[in-house]
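Shown next, in structure tokens, is the structure this report addresses.
Protein chains: 2
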Amino acid sequence: MMTQKEKEKLFEETKILTGFCEEDKANLIALSPVMKKYADPLAEYFYDRLHRLDTTKAILEAKPGREAHLKITLIDWFNNLFAGNYDINYASDMMQIGQVHVAEKVDQRYLISMYGMVFQFIISALESEYEGKLAEIEPLQNSVAKILSIDMAMMMESYFLELLDSTGWSMTLLKKMATVSISKKLKK
Amino acid sequence: MMTQKEKEKLFEETKILTGFCEEDKANLIALSPVMKKYADPLAEYFYDRLHRLDTTKAILEAKPGREAHLKITLIDWFNNLFAGNYDINYASDMMQIGQVHVAEKVDQRYLISMYGMVFQFIISALESEYEGKLAEIEPLQNSVAKILSIDMAMMMESYFLELLDSTGWSMTLLKKMATVSISKKLKK
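Chains as they are written, first to last, in numbering that gives the first Met the number 0: chain A, 0 to 187; chain B, 0 to 187.
If you want it as structure tokens, here you go:
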């Protein structure tokens, strides 16, 4: 597992690379009341999409009540995107989401695909909400893109570390082995 | 490594989850001539951003000429997004990018952060190119969001499998171990 310090480093690095700043924080907070009414429709749309694929449909239907429960957690996550607390607790929450997906055997490919879908959904919401006024929409959607990238980077990192953790191996060891192995392969 | 069949499955699954269809393909092909002139500016912007972080800056500067070479590969990748060949060869190319990043010791957190940045860049390009006409921009940016999600899902999957491959362990074994380990942890 990651130490508090490693979590902070990860969070800071993703903020720097995405360019997340105070203006983004202010934009997301300003969106909070606007976005609340889109939480339920997003949850409907999101799980409807997951029904299109046998694998994800089977995960949803494996336990009675699971889908209804997941909709609530998705709505919480969505509202939290705009809650303005982008601190280490936020990072920890995101990382726990990664862990849960390992526990529930959801492949990372599905997580990544669904992030893209959420982003599209939010952009459409912004476009109808701000009646096509691009000057208003553009900075807002940039802030949304940044927080979603940060979220995804943290979630995927914890997902990966969680899988690794069960082996008892360190990331350093794994990376060393992989670098040797792949360099040989690519030279072939 | 993945078999041809597994690659095809991954590609199909991500297409279904993102909702990628013939219309998206047509949109991306239509964008090809429009987007060509943004390839160089994107490469400048992309590597400029990577200079903001000591870790990624060090990777770029580790070998003379590396950054110039990487700019060329980024431009190829970008142009390929709009080339219209979304077949198994496309998937294989994306997956090789994942392998290369393992070989070059680039952490997945950086890859994910930078995908977000590329998407923002393309949206801004669309907005200036179509002079703020949302009715034209919206379907195009949706298609871009889909292909980037598909790309990222494939790249991250190959990245992950490449790391795993060096251990000689199977994904099935790793997942079984992880599920047991994490379920216990979350119940605590």
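Here a beta-carbon is modelled for each residue, glycine too, at the ideal position from N, C-alpha and C.
Taking 7 Å as the limit between beta carbons, can you name the residues of its chain near L198 of chain B, skipping five residues before and five after?
With chain B represented from 0 up to 187, any question about residue 198 of chain B goes unanswered, as that position is not in the structure.
Which of the residues in the stretch 151-178 of chain A, read from start to end, lie with their CB under 7 Å from any CB of chain B?
M151, A152, M155, E156, F159, E161, L162, D164, S165, T166, L173, K174, M176, A177, T178
Write down every uninterrupted run of the alpha helix (DSSP H) in the stretch 82-127 of chain A whose length is 4 residues or greater and which is fully enclosed by it, in chain order.
87-102
Do L27 of chain A and F81 of chain A have their beta-carbon atoms positioned less than 8 Å apart in this structure?
Looking up residue 81 of chain A in the first sequence gives position 82. Looking up residue 27 of chain A in the first sequence gives position 28. Against a cut-off of 8 Å, the Cβ pair of L27 of chain A and F81 of chain A comes out as a contact.
DSSP three-state call for E22 of chain B: helix, strand or coil?
Indexing the second sequence from 1 puts residue 22 of chain B at position 23. Helix, per DSSP.
V33 of chain A versus A:D53, A:F77, A:T55, A:L59, residue with shortest Cα-Cα distance
As a first step, residue 33 of chain A must be located in the first sequence, where it is residue number 34. Of the candidates A:D53, A:F77, A:T55, A:L59, the one whose C-alpha sits nearest the C-alpha of V33 of chain A is A:F77.
Among B:I121, B:L59, B:K186, which has the Cα closest to the Cα of E103 of chain B?
Within the second sequence, residue 103 of chain B is the residue found at index 104, counting from 1. For E103 of chain B, the nearest C-alpha among the options comes from B:L59.
Decide if Q107 of chain A is buried, meaning its Cβ has at least 16 other Cβ atoms within 10 Å, or exposed.
By 1-based counting over the first sequence, the position of residue 107 of chain A is 108. Q107 of chain A should be labelled buried.
At a CB distance below 9 Å, what residues from the stretch 85-110 of chain A approach chain C? Give them in sequence order.
The question asks about chain C, but that chain is absent: this structure's protein chains are A and B.
Measure the CB-CB distance between Y109 of chain B and L147 of chain B and report whether it falls below 8 Å.
Position 110 of the second sequence, counting from 1, holds the residue named residue 109 of chain B. Position 148 of the second sequence, counting from 1, holds the residue named residue 147 of chain B. For Y109 of chain B and L147 of chain B, no; Cβs fall outside 8 Å.
Classification of T2 of chain A by the beta-carbon crowding that lies within 10 angstroms, buried from 16 upward:
The residue labelled residue 2 of chain A in the question sits at position 3 within the first sequence. Exposed: under 16 other Cβ atoms inside 10 Å.
Own chain, CB closer than 8 Å to I87 of chain B, minus 5 neighbours either side, in chain order:
In the second sequence, the residue the question calls residue 87 of chain B occupies position 88. Excluding positions up to five away in sequence, the list reads Q3, K6, E7, F10.
Taking CB distances under 8 Å as the criterion, tell me whether G83 of chain B reaches chain A.
Locating residue 83 of chain B in the second sequence gives position 84, counting from the first residue. For G83 of chain B, the answer is no, since every Cβ of chain A falls outside 8 Å of its Cβ.
If distances are taken between C-alpha atoms only, which option among B:S127, B:D53, B:Y37 comes closest to I15 of chain A?
As a first step, residue 15 of chain A is located in the first sequence; it is residue number 16 there, counting from the start. Checking every option, the nearest Cα to that of I15 of chain A belongs to B:D53.
Excluding five sequence neighbours on each side, which residues of the same chain lie with their C-beta closer than 7 Å to the C-beta of S142 of chain B?
Numbered from 1 along the second sequence, position 143 holds the residue referred to as residue 142 of chain B. Excluding residues within five positions, the ones whose Cβ falls inside 7 Å are D23, N26, L27.
Under 8 Å, CB to CB, which of the residues in the stretch 117-132 of chain A have a partner in chain B?
F118, Q119, I122, S123, E126, G131
Interface flag, I28 of chain B vs chain A, CB-CB below 8 Å:
Reading the second sequence from its first residue, position 29 is the one you call residue 28 of chain B. It does not: the Cβ of I28 of chain B has no partner Cβ on chain A nearer than 8 Å.
Can you tell me whether H100 of chain B is buried or exposed? The criterion is at least 16 other CB atoms within 10 Å of its CB, across all chains shown.
On the second sequence, residue 100 of chain B is found 101 positions in, with the first residue counted as 1. Buried, by the Cβ-count rule.
So is S165 of chain B buried or exposed if we call it buried at 16+ other beta carbons inside 10 Å?
Mapped onto the second sequence, residue 165 of chain B falls at position 166. Per the 10 Å Cβ criterion, buried.
Judging by CA-CA distance, which residue of A:V105, A:T17, A:P63 is the nearest neighbour of D47 of chain B?
Numbered from its first residue, the second sequence carries residue 47 of chain B at position 48. Residue A:T17 is the option with its Cα nearest to D47 of chain B.
Taking a contact to mean a Cβ-Cβ separation below 8 Å, would you say F118 of chain A touches A144 of chain A in this structure?
Walking along the first sequence from the start, residue 118 of chain A turns up at place 119. Walking along the first sequence from the start, residue 144 of chain A turns up at place 145. Closer than 8 Å, so yes.
Any beta carbon from chain B within less than 8 Å of L52 of chain A's own beta carbon?
Position 53 of the first sequence holds residue 52 of chain A. With 8 Å as the cut-off, L52 of chain A counts as an interface residue toward chain B.
Can the beta-carbon of G97 of chain B be found less than 8 Å from the beta-carbon of M154 of chain B?
Residue numbering aside, residue 97 of chain B sits at position 98 when the second sequence is read from its first letter. Residue numbering aside, residue 154 of chain B sits at position 155 when the second sequence is read from its first letter. Yes, Cβ-Cβ distance for G97 of chain B and M154 of chain B is below 8 Å.
Can the beta-carbon of I74 of chain B be found closer than 8 Å to that of D39 of chain B?
Here residue 74 of chain B refers to the residue found at position 75 when the second sequence is read from its first residue. Here residue 39 of chain B refers to the residue found at position 40 when the second sequence is read from its first residue. Cβ atoms of I74 of chain B and D39 of chain B: closer than 8 Å.
Buried or exposed: where does A61 of chain A fall if 16 or more other Cβ atoms within 10 Å of its Cβ makes it buried?
Translated into positions along the first sequence, residue 61 of chain A becomes position 62. Exposed, since its Cβ has fewer than 16 Cβ neighbours within 10 Å.
Since T72 of chain B meets chain A, which of its residues come closer than 9 Å, beta carbon to beta carbon?
Counted from its first residue, the second sequence places residue 72 of chain B at position 73. None at all; the shortest Cβ gap to chain A is about 14 Å.
Along chain A, in chain order, which residues have C-beta atoms closer than 8 Å to that of Y114 of chain B?
Residue 114 of chain B sits at position 115 when you count from the first residue of the second sequence. Chain A residues near Y114 of chain B: S148.
Grab me the residues of I136 of chain A's own chain with a C-beta within less than 7 Å of its C-beta, minus the 5 sequence neighbours each way, in chain order.
As a first step, residue 136 of chain A is located in the first sequence; it is residue number 137 there, counting from the start. Excluding sequence neighbours, I136 of chain A sits near L125, E126, Y129.
Kindly list the residues whose CB is nearer than 8 Å to the CB of M94 of chain B, restricted to its own chain and excluding five residues on each side of it in sequence; keep chain order.
For the purposes of this step, residue 94 of chain B is taken as the residue at position 95 of the second sequence. So the qualifying residues of the chain are M1, K6, M153, M154, E156, S157.
Would you say L16 of chain A lies against chain B (beta-carbon separation less than 8 Å)?
Position 17 of the first sequence, counted from the first residue, corresponds to residue 16 of chain A. Closer than 8 Å to some Cβ of chain B, the Cβ of L16 of chain A qualifies, so yes.
Would you kindly report the start and end of the unbroken alpha helix (DSSP H) that includes S148 of chain A?
Your numbering for residue 148 of chain A matches position 149 in the first sequence. Run containing S148 of chain A: 133-164, per the alpha helix (DSSP H) assignment.
Extent of the continuous alpha helix (DSSP H) run through K70 of chain B:
In the second sequence, counting from the first residue as 1, residue 70 of chain B sits at position 71. 65-80 is the extent of the alpha helix (DSSP H) around K70 of chain B.
Using a Cβ-Cβ cut-off of 8 Å, state whether A57 of chain A counts as contacting chain B.
Working through the first sequence from its first residue, we reach residue 57 of chain A at position 58. No, A57 of chain A does not count as interfacial toward chain B.
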